[in-house]
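Here's the structure we're looking at; comments come further down.
There are 2 protein chains.
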Amino acid sequence: MTGAETPSILTKAFDLLHAFNPHERVMTLSELSRASGLPKSTVHRLLARLVDLGAVEHHRSGYKIGVGLLQLGASTPAGYMRDLAMPYLANLHRWTGQTVAFAVLREFDVVYLEKLAPHDSPSSIAQVGSRLPANCTAIGKILLAHENPDDLAAFLPSPMPGMTPHSITDVPTLIAQLRTARSEGVARETDEAQLGLSCVAAAVPMNGFAVGAVSVGFPTDTAMPAQLESALRDTASQVAKDVENGLAKGRAHWFPREI
Amino acid sequence: MTGAETPSILTKAFDLLHAFNPHERVMTLSELSRASGLPKSTVHRLLARLVDLGAVEHHRSGYKIGVGLLQLGASTPAGYMRDLAMPYLANLHRWTGQTVAFAVLREFDVVYLEKLAPHDSPSSIAQVGSRLPANCTAIGKILLAHENPDDLAAFLPSPMPGMTPHSITDVPTLIAQLRTARSEGVARETDEAQLGLSCVAAAVPMNGFAVGAVSVGFPTDTAMPAQLESALRDTASQVAKDVENGLAKGRAHWFPREI
DNA sequence: ATGCAGAGTTCCGACTGTCGGAACCTCCAC
DNA sequence: GTGGAGGTTCCGACAGTCGGAACTCTGCAT
């Protein structure tokens, strides 16, 4: 659909980087070759280049993503916002004892910038850097709720994706939820992204837009304190204040869309 | 010294990515062209590719590093360790109210994986992803202290780099400090990385190696609680326990060197 | 309205880096 | 010893890349 894609070594390089299975340990050249579908000699050449560039690290036992990429990832404006938000997220994490997440909206997806999970947490799908459909997450809903309702039509995918039987895939239902979320200042979600997990989220506002959102996720059968929602709103507005301050001093005009 | 470097589009692509000034807002094509030293048409072509790949994002006002890179950066084994460490780092940050950092050793450099700074902190040099000479930081010292003393010789750069007049650049002095750091379980640093800032660090041990280290940084003229050092050691050993657990279940044999 | 300046985009022929099969090397297990 | 898997090197054909130059567009000063 997108037309003929121009082949490029860059594409292969990124395919290769994405072939690193985050759940695996260090990977060998052959494993990477199979995972990426690229010929061994090509992988060999690419890896050598990537090692030179610090994007990949080599050790006796194999290859792994290099810490050099971490630096690049942190340079995104969203990463800067994350730094400012961290202390507040940490407080919220400590107070609730549950999973706290911070994310931004990209197209119709939520992209997680940070996640603070309890030590014993069942590994949730949301990982730092991962993308989830906005309609299936509390964070996504509160972010969508701050979008211009007219623009929203362009975002919404024709058949909205679902992750569980409880996911909201009906447009009118979603629109209704967004309206109430907007007025309440928080969005909720129950078993819609992952069975057994629920979530509440509040947005970090800036000039009327939502540049990001904070959420607390917890087992659906767990009772959360009544003040949870106001704590979320407080956290989000504290972050907002810091972001505006941080941008004011030292940085030129920022537009919400630039995060 | 490294011999003739093979030109590659990959090199240019990374030069371009590094040309993004982390302290600036979104950058324009022309700015990037000047910053990277690459011709405009080349930058144009490269950016188009990188946008396709999600490494760069485009908006009316310019280009910025994309959140796609965040995902890759988080996939490094070190990033996994960081996830496990976060809650403990957050506790330490809350308890001390000072800057908490988490880093690993790469060659003779310390690479910061995480930094939790107080809201009003004077921006320190250490940023997520940044590299600092090991001999100038408390984290670096405690990590070096856990290296095999024989291997150490290969690491130590002939003229050790200094960052302030207080930096330790004398080999015997450093070796002596490493020895006491090893026996005490913590390393210290005063004005050696940045004037007016001090730091204490403890290592996260694994099979006798140090896979990472935690530090608390504070203004040199600030008195820190007496229990700071034991709190640091506790934090580090909690992280170590989680790391060993995390690796044990689900992941194959890990070697300390693989982080 | 006019002209200038800088940003962004497109074009195209020369060039050169890239491609990947195949042969080769190394280590370990049986 | 032998088989097999992982890793490395080679090289000729090919195709992607290069970047100067020309062009458009927008904003601003005159």
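Read top to bottom, the protein sequences are chains A and B.
The first sequence begins at 23 in the working numbering and counts up by one.
The second sequence begins at 23 in the working numbering and counts up by one.
Glycine is no exception: its CB is placed at the ideal position from the N, C-alpha and C atoms.
Looking at chain B, which residues of the segment 116–146 of chain A have a Cβ within less than 8 Å of any of its Cβ atoms?
-> 116, 126, 128, 133, 135, 137, 138, 139, 140, 141
In this structure, does DSSP put residue 243 of chain B in helix, strand or coil?
-> Residue mapping note: residue 243 of chain B aligns to position 221 of the second sequence, counting from 1. In the structure shown, residue 243 of chain B sits in coil (DSSP, three-state: anything other than H, G, I, E or B).
Per-residue DSSP class, three states only, for residue 227 of chain A | On the first sequence, position 205 is the one that residue 227 of chain A refers to. Here residue 227 of chain A sits in strand by DSSP.
From the beta carbon of residue 257 of chain A, is the nearest beta carbon of chain B less than 7 Å away?
-> As a working mapping, residue 257 of chain A is identified with position 235 in the first sequence. Output row for residue 257 of chain A: interface = no.
Look up residue 155 of chain A in the DSSP assignment and give the residues it is bridged to.
-> Indexing the first sequence from 1 puts residue 155 of chain A at position 133. For residue 155 of chain A, which the question treats as bridged, DSSP gives the partners A:131.
What do you reckon, are the CB atoms on residue 222 of chain A and residue 238 of chain A nearer than 7 Å?
-> Here residue 222 of chain A is taken as the residue at index 200 of the first sequence, counted from 1. Here residue 238 of chain A is taken as the residue at index 216 of the first sequence, counted from 1. In contact: residue 222 of chain A and residue 238 of chain A (Cβ atoms closer than 7 Å).
Does the pairing of the segment 96–106 of chain B with the segment 211–218 of chain B give three or more beta-carbon distances under 8 Å?
-> no
Keeping to the same chain, check which residues put their C-beta closer than 6 Å to that of residue 70 of chain A; ignore five residues upstream and five downstream.
-> One-based indexing of the first sequence puts residue 70 of chain A at position 48. No residues qualify anywhere along the chain.
Beta-bridge partners of residue 124 of chain A, as assigned by DSSP | Counting from 1 along the first sequence, the entry for residue 124 of chain A is found at position 102. Answer by DSSP bridge pairing, in chain order: A:136, A:236.
Neighbour-count burial assignment, residue 29 of chain A, 16 or more Cβ in a 10 Å radius | Position 7 of the first sequence, counted from the start, is the residue given in the question as residue 29 of chain A. It is exposed - the Cβ of residue 29 of chain A has fewer than 16 other Cβ atoms within 10 Å.
Does DSSP put residue 191 of chain A in a helix, in a strand, or in coil?
-> Taking the first sequence and counting its residues from 1, the one referred to as residue 191 of chain A is at position 169. Coil.
Mark residue 249 of chain B as exposed unless 16 or more other C-beta atoms lie within 10 angstroms of its C-beta, in which case mark it buried.
-> As a working mapping, residue 249 of chain B is identified with position 227 in the second sequence. Exposed: under 16 other Cβ atoms inside 10 Å.
Spatial distance of residue 133 of chain B from residue 164 of chain B (CA atoms) = Working through the second sequence from its first residue, we reach residue 133 of chain B at position 111. Working through the second sequence from its first residue, we reach residue 164 of chain B at position 142. In a straight line, the C-alpha of residue 133 of chain B is about 14 Å away from that of residue 164 of chain B.
If you pair each beta-carbon of the segment 50–69 of chain A with each one of the segment 108–123 of chain B, do three or more pairs fall below 8 Å?
-> no
Should residue 237 of chain B be flagged as near chain A, meaning a C-beta pair shorter than 7 Å?
-> Within the second sequence, the letter at position 215 stands for residue 237 of chain B. With 7 Å as the cut-off, residue 237 of chain B does not count as an interface residue toward chain A.
State the start and end residues of the unbroken alpha helix (DSSP H) segment that holds residue 71 of chain A.
-> Locating residue 71 of chain A in the first sequence gives position 49, counting from the first residue. Its alpha helix (DSSP H) spans residues 62–75.
Does the distance from the C-beta atom of residue 158 of chain B to that of residue 205 of chain B stay below 7 Å?
-> As a first step, residue 158 of chain B is located in the second sequence; it is residue number 136 there, counting from the start. As a first step, residue 205 of chain B is located in the second sequence; it is residue number 183 there, counting from the start. Against a cut-off of 7 Å, the Cβ pair of residue 205 of chain B and residue 158 of chain B comes out as no contact.
Close Cβ partners of residue 167 of chain A (< 6 Å) along its chain, the five nearest in sequence each way excluded | Position 145 of the first sequence, counted from the start, is the residue given in the question as residue 167 of chain A. Same-chain partners within the cutoff: 200, 203, 204.
Do residue 240 of chain A and residue 120 of chain A have their C-beta atoms within less than 7 Å of each other?
-> Numbered from 1 along the first sequence, position 218 holds the residue referred to as residue 240 of chain A. Numbered from 1 along the first sequence, position 98 holds the residue referred to as residue 120 of chain A. Yes. Within cutoff.
By a C-beta neighbour count over all protein chains shown, 10 Å radius and 16 as the cutoff for buried, is residue 136 of chain A buried or exposed?
-> Looking up residue 136 of chain A in the first sequence gives position 114. The residue in question, residue 136 of chain A, is buried, as its Cβ has 16 or more Cβ neighbours within 10 Å.
Please state if the CB of residue 68 of chain A and the CB of residue 35 of chain A are separated by a distance shorter than 7 Å.
-> Residue numbering aside, residue 35 of chain A sits at position 13 when the first sequence is read from its first letter. Residue numbering aside, residue 68 of chain A sits at position 46 when the first sequence is read from its first letter. Cβ distance < 7 Å, so residue 35 of chain A and residue 68 of chain A count as in contact.
Do you know how far the Cα of residue 220 of chain A is from the Cα of residue 24 of chain B?
-> The residue you call residue 24 of chain B lines up with position 2 of the second sequence. The residue you call residue 220 of chain A lines up with position 198 of the first sequence. For residue 24 of chain B, the pLDDT reaches just 42, beneath the cut-off of 50, and the residue's location in the model is therefore unreliable, although a value from the coordinates is still provided. The alpha-carbon atoms of residue 24 of chain B and residue 220 of chain A are separated by roughly 54 Å.
Give me the Cα-Cα distance between residue 125 of chain A and residue 171 of chain B, rounded to the nearest whole angstrom.
-> Residue mapping note: residue 125 of chain A aligns to position 103 of the first sequence, counting from 1. Residue mapping note: residue 171 of chain B aligns to position 149 of the second sequence, counting from 1. Roughly 44 Å between the two C-alpha positions.
For residue 73 of chain B, I'd like the list of residues in its chain whose CB is within less than 6 Å of its CB, leaving aside the five on either flank, ordered along the chain.
-> Walking along the second sequence from the start, residue 73 of chain B turns up at place 51. Cβ within range, chain order: 80.
Mind listing the chain B neighbours of residue 81 of chain A? Cutoff is C-beta to C-beta under 9 Å, in chain order.
-> The residue given as residue 81 of chain A occupies position 59 in the first sequence. The contacting residues are 277, 279, 280.
So with Cβ pairs under 7 Å, would you call residue 42 of chain B a contact of chain A?
-> If you number the second sequence from 1, residue 42 of chain B lands on position 20. Chain A, which has a Cβ nearer than 7 Å to the Cβ of residue 42 of chain B, makes this yes.
Any beta-carbon of chain B closer than 7 Å to the one on residue 64 of chain A?
-> Within the first sequence, residue 64 of chain A is the residue found at index 42, counting from 1. Not one chain B Cβ lies under 7 Å of residue 64 of chain A.
Write down the C-beta distance between residue 130 of chain A and residue 177 of chain A rounded to the nearest angstrom, noting that I regard them as a contact closer than 8 Å.
-> The count along the first sequence starts at 1 and reaches residue 130 of chain A at position 108. The count along the first sequence starts at 1 and reaches residue 177 of chain A at position 155. That pair is a contact at about 5 Å.
Taking 7 Å as the CB-CB cut-off, is residue 159 of chain B touching chain A?
-> Counted from its first residue, the second sequence places residue 159 of chain B at position 137. No - not a single Cβ of chain A is within 7 Å of the one on residue 159 of chain B.
Return the chain-ordered list of same chain residues with a C-beta closer than 7 Å to the C-beta of residue 84 of chain B, the five sequence neighbours on each side being excluded.
-> Counting from one through the second sequence, the residue named residue 84 of chain B turns up at place 62. Taken in chain order, the residues that qualify are 48, 49, 50.
Minimum C-alpha distance to residue 155 of chain A - residue among A:180, A:138, A:258 = One-based indexing of the first sequence puts residue 155 of chain A at position 133. Of the candidates A:180, A:138, A:258, the one whose C-alpha sits nearest the C-alpha of residue 155 of chain A is A:180.
Looking only at DSSP bridge pairs, what is residue 209 of chain A linked to?
-> Counting from 1 along the first sequence, the entry for residue 209 of chain A is found at position 187. A:223, per the DSSP bridge assignment.
Closest Cβ-Cβ distance between residue 226 of chain B and chain A: below 7 Å?
-> The count along the second sequence starts at 1 and reaches residue 226 of chain B at position 204. So, not an interface residue.
Give the DSSP-derived three-state secondary structure of residue 108 of chain B in the structure shown.
-> Here residue 108 of chain B refers to the residue found at position 86 of the second sequence. Three-state DSSP puts residue 108 of chain B in a helix.
Starting from the C-beta of residue 257 of chain B, find all residues in its chain whose C-beta is less than 8 Å away, skip the five residues before and the five after it, and write them out in chain order.
-> Locating residue 257 of chain B in the second sequence gives position 235, counting from the first residue. Once the five neighbours on either side are set aside, the close Cβ partners of residue 257 of chain B are 110, 111, 113, 114, 224, 236.
Could you tell me which residues DSSP puts in a beta bridge with residue 81 of chain B?
-> By 1-based counting over the second sequence, the position of residue 81 of chain B is 59. Per DSSP, B:84.
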